[in-house]
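There are 4 protein chains.
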Amino acid sequence: MIEHGHFTGKANAAAGKVWQFGVIGYGYWGPNVTRNLILIKETAVKTICDQNPETLQRAAEFYPAVTLTENAEDIYQDPEIDVVAVITPVSTHYALAKRALESGKHVFVEKPFTFNVKQAEELITLAEEKGLTIMVDHTFLFTGAVRHIKKEIDAGNIGEVYYYDSTRVNLGLFQQDVNVIWDLAPHDFSILDFLVGRKPIRLSALGLDHFGRGIENIAYVTVYFEENLIAHFNFNWLSPVKVRNTLIGGSKKMVVWDDMLRDEKIKIYDKGVDVESREGIYRSLIDYRLGDMYSPRINPAEALKQELIYLVECLQQGTTPINDGHAGLRIVRMLEAADSSLKRGGKVIEL
Amino acid sequence: MIEHGHFTGKANAAAGKVWQFGVIGYGYWGPNVTRNLILIKETAVKTICDQNPETLQRAAEFYPAVTLTENAEDIYQDPEIDVVAVITPVSTHYALAKRALESGKHVFVEKPFTFNVKQAEELITLAEEKGLTIMVDHTFLFTGAVRHIKKEIDAGNIGEVYYYDSTRVNLGLFQQDVNVIWDLAPHDFSILDFLVGRKPIRLSALGLDHFGRGIENIAYVTVYFEENLIAHFNFNWLSPVKVRNTLIGGSKKMVVWDDMLRDEKIKIYDKGVDVESREGIYRSLIDYRLGDMYSPRINPAEALKQELIYLVECLQQGTTPINDGHAGLRIVRMLEAADSSLKRGGKVIEL
Amino acid sequence: MIEHGHFTGKANAAAGKVWQFGVIGYGYWGPNVTRNLILIKETAVKTICDQNPETLQRAAEFYPAVTLTENAEDIYQDPEIDVVAVITPVSTHYALAKRALESGKHVFVEKPFTFNVKQAEELITLAEEKGLTIMVDHTFLFTGAVRHIKKEIDAGNIGEVYYYDSTRVNLGLFQQDVNVIWDLAPHDFSILDFLVGRKPIRLSALGLDHFGRGIENIAYVTVYFEENLIAHFNFNWLSPVKVRNTLIGGSKKMVVWDDMLRDEKIKIYDKGVDVESREGIYRSLIDYRLGDMYSPRINPAEALKQELIYLVECLQQGTTPINDGHAGLRIVRMLEAADSSLKRGGKVIEL
Amino acid sequence: MIEHGHFTGKANAAAGKVWQFGVIGYGYWGPNVTRNLILIKETAVKTICDQNPETLQRAAEFYPAVTLTENAEDIYQDPEIDVVAVITPVSTHYALAKRALESGKHVFVEKPFTFNVKQAEELITLAEEKGLTIMVDHTFLFTGAVRHIKKEIDAGNIGEVYYYDSTRVNLGLFQQDVNVIWDLAPHDFSILDFLVGRKPIRLSALGLDHFGRGIENIAYVTVYFEENLIAHFNFNWLSPVKVRNTLIGGSKKMVVWDDMLRDEKIKIYDKGVDVESREGIYRSLIDYRLGDMYSPRINPAEALKQELIYLVECLQQGTTPINDGHAGLRIVRMLEAADSSLKRGGKVIEL
């Protein structure tokens, strides 16, 4: 089984098996999944399904050898296909994944897992009955940045984690079916779930729909976790500049993760001063920072590729992925609660 | 009267009058106020009062000609003193300022103005009865950065302002008498009040006291203003790195203000793309930003000096400062409500 | 014909012709050329040649339909191949390109064009006799950044160009056959040649070989151009950090181009102050910058793809590329002179 | 005697002596020297001399207790004055410092020490005959940044120092009497002299005078030092942006010092990869950096104040400053040679 913090990077080539995938949905993210499945030795794409003929045409140009279809049943009913990759809007995940599991296929499904808790629970039960694997595409768990932060936290270098504070803003507004929470929060919720593994206690979400469409374009979510951890998320679709900034504060050190930087994504700061002293007080008022900073080199390997290699490992070895259906469910539960709080003007919701 | 957006920079030298100040409180900020009052031609410091003899000794070394006292009455009762600068902890502002007004002195008082709304209202009434001026030290209103943003907003370059989003974090915890909201929020609340001049409708504040001292060290405040403006403030005393970052999003452009940068504090971004289109959607997913950016040179003059020159103008011309008691009261009202929401677990408070 | 400063971006699809390429060399850059030739509608790769069987094997996995060979004659003698892409070490360019031209093929050749001036002149003559096109892969000319700078200079926004100052450093030392000038200077020399189109007058190069291998790993090159333009280049193979920084100073504005930034690669600064005045002098001593800054959004399209599309345009329309053999020759002439000065301890060489 | 790398920070207060200074020159830098001399317990300013009555008037406003004069003899002939601070243009240093030494005063003199080698040698001899101290104001040696770099080099963390590469550009052109080398190079030459303590062997300087005034506004200086160290300096008066960037490359690590950053002025990079390997080659082509980075917190104390405290230590203890006349002479010798090479079109000069 994969250990937290690093990958072996080697699927069991000895097994020799090539896992055949059917890919449903070839819009924005589907081509990336397809490209990596073709590059990885142990995986292959047999069939791509999309409802849009023009989109299928683009796939045909790149991959003349792959079967193309507008009918997902061609995938479900193909006995040679082992895994179905569901890369479609969230509202369709449940039905497509359910049909795949019923057909005896493993499922790799885009995040968020499902549109509500009930759907997620049902898919988990179905997969367990059938002995099939669900992997939810929480891609960020497979980035060098998140892996490094996890390593630092697990090694105790950060100390007790006091807060997790993420800003994730960009231009959006085009999402027709979901609001800014369903669009952006799955990233942060899954990262936090992975990094600290604590249970959320209650949350509140406040936001606004500036354009009267019933779809909030700004949301601020605050979540209290067990053991005095407070998490805060700033989601915004009205920013021409992309911000991906996360602060993680602990009793020993603090991590600043700016994912938009090409380099120095991760900076780790010492406190460096006792701010209870008078000298410390004055220095903290004047100086930009008080201690040393360390910026580790981050593994630049493509996260999606790492994740799919890890999927192969799980399938070959019959192990449960860290990003399985239960992980997907934990994130959906938070999304559902945050959306509910948002709709009720920021009312605090117990989880 | 000073116009928004620029200073004349010239107090009426013709008047010839030198305004005599008594400074109460010579801890962290008092020396800065004193230094500027001595540098400005139209002002002088006659007396400095502090309860700590060591602190007074420091003042004596720098300014041998200034009278020093541990008794504030020496200032109130001195007929030569025109203005009392109250640079002490907030809990003492009301009593000290009241005594100054009763003694017929104008008042320059550190922010936040008072500890509650009632105190502020009483001081305003007293000053109006006596025909005296109150200026609350909302220093940031006099920075080149805030002045430039104000100019852009007033000129309509930003368009309709949709959101104001500020992060203000650093190492703190040493504040013994107030929580992180009372410590850090006065800056942002007064800046926003100045920039948009809209009325707050309701707010919510969530936070945490990690150390069981009854003093919250983290707080997230969301305020809804009239005309669909949402403001959000992230205050945190547990960060070894200082962050002073504000995003202001409008229908036309967006301002990113990073006050920790030596240069390029203000960046103004074009949207540059119609994200309703498919091409716009894809570009917004991939690109860091979508339009051009402009970074104006900011006037680097010391804000506190600008503010004190402006105080002289107001006193000489008998005009009301933009940062008068009423401005101070508006900020205290928000502080009081935010603190109340925080204490009640994030309950939404109507203003 | 393509105009300087922008591309039409549309090869004449009406023509319908697909240009068949033979690619010689599949090491570091060859795969990128191949990938783009396959993506572009009007081009195709028929054959890839490499002396290393393992390298060919990598190509086979990606492109099972392409013919693979260790013998370049298979390309030269194939009548279906229109263009030979020579993506090999510089020492082999002359022989391979000559054979291609003799075989009636157009040539796309990696920079630097040849190892000396004589070889370049011979290839140009041969191509002209045969009516064939040579394009030298000066990729940077096709980046959004260089295109934007060109546009600003041509529009007169920079004013008279006073200096061009480039720093290009990274870890190297592995180049076995050429020194740091031959490795890194072709980029900068070709960019400058494109941007200002002036004739170099004389140059000097100083450097050092720290490891006694006869291959300089650091070199500083200064070139005087006509009309009072001075250019300076800082090349270094001993830096664990990659720096790609260029300053272009003019009588009106200055361009700062940091190619390592993900965003804001190009910043254009106003002078903003008359430094002959006393006030200007003092401000220039204290302030980081004196005028406003503007950072245009840069076209993020892949430069190599733009270049190959442009090659198709030139072939279809029979026009001469801006990066033709003569452009390649101009750069080789400067490389040869710089190397000669370096070997003679910095002696100034007239061009 | 002060050790390299740190200050005791405590002048011998027990001695109780207050050193009386006469300050000649109150233009740009003189006020800073004066302010610090007044702040430091062990020093005092008795007299300020300047030829410009308006400048003297400014001094009078700040320091009403200090004697002001337009005649330097009032300083030389005052038996109470111990030290003369010469803060005037370089062309006047020799005459003013000589007169001070003849009058039995110690000398603190602005950099560069003198206008030529001969003057420097004469002043050194005179001081030694009289038993007086010369300190040349190489302020940068007393910054937290330079001190930290020195510590890293001395501890062997950088390894063998291969190169020192500095860029120092800003708007200038206003200097009437000296060119860009005499204006900007003293900083870098003195820093390098302090950091590595090696002897320069030969140098070359190339540059340009764009405005036909006989005063070069751009210069590139390359200096070869013993033990295979190459140093390079980029000086430029035609940049509206200030750049203060230094790379120091060693066999083990590399220092990047960006003095314009408010924070993270010093970054220290590991090599992190063996670039002789094929994998190392490819990574070095693609990645921004290859190893970890460490950014120590730098002591933010004002360098000039540290330097003047150190001057007091040297005077009290009779020790020789690291920035004595000999250090000043070494820098003047390099300046003279660089200027000579520049005037002769880049001719290499042996030192």
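Chains as they are written, first to last, in this note's numbering: chain A, 1 to 351; chain B, 352 to 702; chain C, 703 to 1053; chain D, 1054 to 1404. Virtual Cβ for every residue (Gly too), placed ideally from N, Cα, C. On a predicted model such as this, the values are computed, not experimentally measured, just so you know.
For a test of the three-state rule: what should DSSP assign to residue i, helix, strand or coil?
{"i": "His210 (chain A)", "result": "coil"}
{"i": "Thr418 (chain B)", "result": "strand"}
{"i": "Ser91 (chain A)", "result": "helix"}
{"i": "Ser997 (chain C)", "result": "strand"}
{"i": "Gly250 (chain A)", "result": "strand"}
{"i": "Phe1292 (chain D)", "result": "Residue identity differs from the one stated: residue 1292 (chain D) is Ser in this sequence, not Phe. Here Ser1292 (chain D) sits in strand by DSSP."}
{"i": "Phe817 (chain C)", "result": "coil"}
{"i": "Ala1040 (chain C)", "result": "helix"}
{"i": "Arg262 (chain A)", "result": "coil"}
{"i": "Arg728 (chain B)", "result": "Shown here, chain B extends from 352 to 702; a query on residue 728 (chain B) therefore has no answer."}
{"i": "Asp895 (chain C)", "result": "helix"}
{"i": "Val1321 (chain D)", "result": "Reading off the sequence, residue 1321 (chain D) comes out as Ile, not Val. Strand."}
{"i": "Glu701 (chain B)", "result": "strand"}
Please list, in chain order, the chain C residues whose beta carbon lies closer than 8 Å to that of residue i.
{"i": "Asp1241 (chain D)", "result": "Those within 8 Å of Asp1241 (chain D) in chain C number zero; the least Cβ separation is about 15 Å."}
In whole angstroms, what separates the C-alpha of residue i from that of residue j?
{"i": "Lys1171 (chain D)", "j": "Tyr1147 (chain D)", "result": "10 Å"}
{"i": "Ser239 (chain A)", "j": "Asp965 (chain C)", "result": "15 Å"}
{"i": "Gly156 (chain A)", "j": "Ala1005 (chain C)", "result": "45 Å"}
{"i": "Leu949 (chain C)", "j": "Arg595 (chain B)", "result": "30 Å"}
{"i": "Lys253 (chain A)", "j": "Leu184 (chain A)", "result": "27 Å"}
{"i": "Ile1254 (chain D)", "j": "Lys973 (chain C)", "result": "38 Å"}
{"i": "Gly600 (chain B)", "j": "Ser204 (chain A)", "result": "23 Å"}
{"i": "Leu803 (chain C)", "j": "Val925 (chain C)", "result": "33 Å"}
{"i": "His708 (chain C)", "j": "Thr55 (chain A)", "result": "Any answer about His708 (chain C) is weak, because its pLDDT of 32 lies below 50 and its placement is not dependable; what the coordinates show is given next. Each residue's alpha carbon lies about 30 Å from the other."}
{"i": "Trp588 (chain B)", "j": "Trp533 (chain B)", "result": "12 Å"}
{"i": "Glu1123 (chain D)", "j": "Gly1080 (chain D)", "result": "13 Å"}
Output, in chain order, the set of chain A residues within a Cβ distance shorter than 8 Å of residue i.
{"i": "Tyr1347 (chain D)", "result": "Asp292, Met293, Tyr294, Ser295"}
Among the options, which residue has its Cα nearest to the Cα of residue i?
{"i": "His457 (chain B)", "options": "B:Tyr620, B:Thr465, B:Thr439, B:Met486", "result": "B:Met486"}
{"i": "Gly214 (chain A)", "options": "A:Arg344, A:Phe108, A:Glu73", "result": "A:Arg344"}
{"i": "Asp433 (chain B)", "options": "B:Val663, B:Lys550, B:Glu511", "result": "B:Val663"}
{"i": "Lys1099 (chain D)", "options": "D:Tyr1217, D:Tyr1079, D:Ile1128, D:Thr1167", "result": "D:Ile1128"}
{"i": "Ile1077 (chain D)", "options": "D:Ala1354, D:Cys1102, D:Ile1283, D:Thr1192", "result": "D:Cys1102"}
{"i": "Asp154 (chain A)", "options": "A:Gly144, A:Arg330, A:Phe194, A:Val178", "result": "A:Phe194"}
{"i": "Ile649 (chain B)", "options": "B:Leu612, B:Ile682, B:Thr418", "result": "B:Leu612"}
{"i": "Ile1011 (chain C)", "options": "C:Trp939, C:Phe810, C:Ser1042", "result": "C:Phe810"}
{"i": "Ser454 (chain B)", "options": "B:Phe466, B:Thr484, B:Ala471", "result": "B:Thr484"}
{"i": "Ile1375 (chain D)", "options": "D:Asp1345, D:Leu1194, D:Gly1184, D:Met1346", "result": "D:Leu1194"}
{"i": "Val84 (chain A)", "options": "A:Glu70, A:Arg99, A:Asn170, A:Ser91", "result": "A:Arg99"}
{"i": "Ile234 (chain A)", "options": "B:Trp370, B:Ser517, B:Asp643", "result": "Here the sequence assigns Asn to residue 234 (chain A), which means Ile is not the residue at that position. For the residues B:Trp370, B:Ser517, B:Asp643, the minimum Cα distance to Asn234 (chain A) belongs to B:Ser517."}
{"i": "Arg1035 (chain C)", "options": "C:Thr1021, C:Thr1022, C:Glu1052", "result": "C:Glu1052"}
{"i": "Asn738 (chain C)", "options": "C:Tyr765, C:Gln753, C:Gly846, C:Pro781", "result": "C:Tyr765"}
{"i": "Val161 (chain A)", "options": "A:Gly207, A:Phe189, A:Phe225", "result": "A:Phe225"}
Show which residues of chain B have a CB atom less than 8 Å away from the CB atom of residue i.
{"i": "Glu966 (chain C)", "result": "Met644"}
List the residues of chain C that residue i touches, going by C-beta distances under 7 Å, in chain order.
{"i": "Met260 (chain A)", "result": "Arg964"}
Report the neighbours of residue i on chain A: residues whose CB is nearer than 9 Å to its CB, in chain order.
{"i": "Ile569 (chain B)", "result": "Tyr162, Tyr163, Asp165, Ile230, His232, Gly249"}
Taking residue i as the query, report the chain A residues whose CB atoms sit under 7 Å from its CB, ordered along the chain.
{"i": "Met605 (chain B)", "result": "Ser239, Pro240, Val241"}
- Completely contained beta strand (DSSP E) runs for the segment 104-176 of chain A, where each covers 3 or more residues: 106-110, 134-137, 161-171
- In the segment 14-40 of chain A, which residue ranges form an unbroken beta strand (DSSP E) of at least 3 residues, counting only runs that do not cross its ends? 19-24
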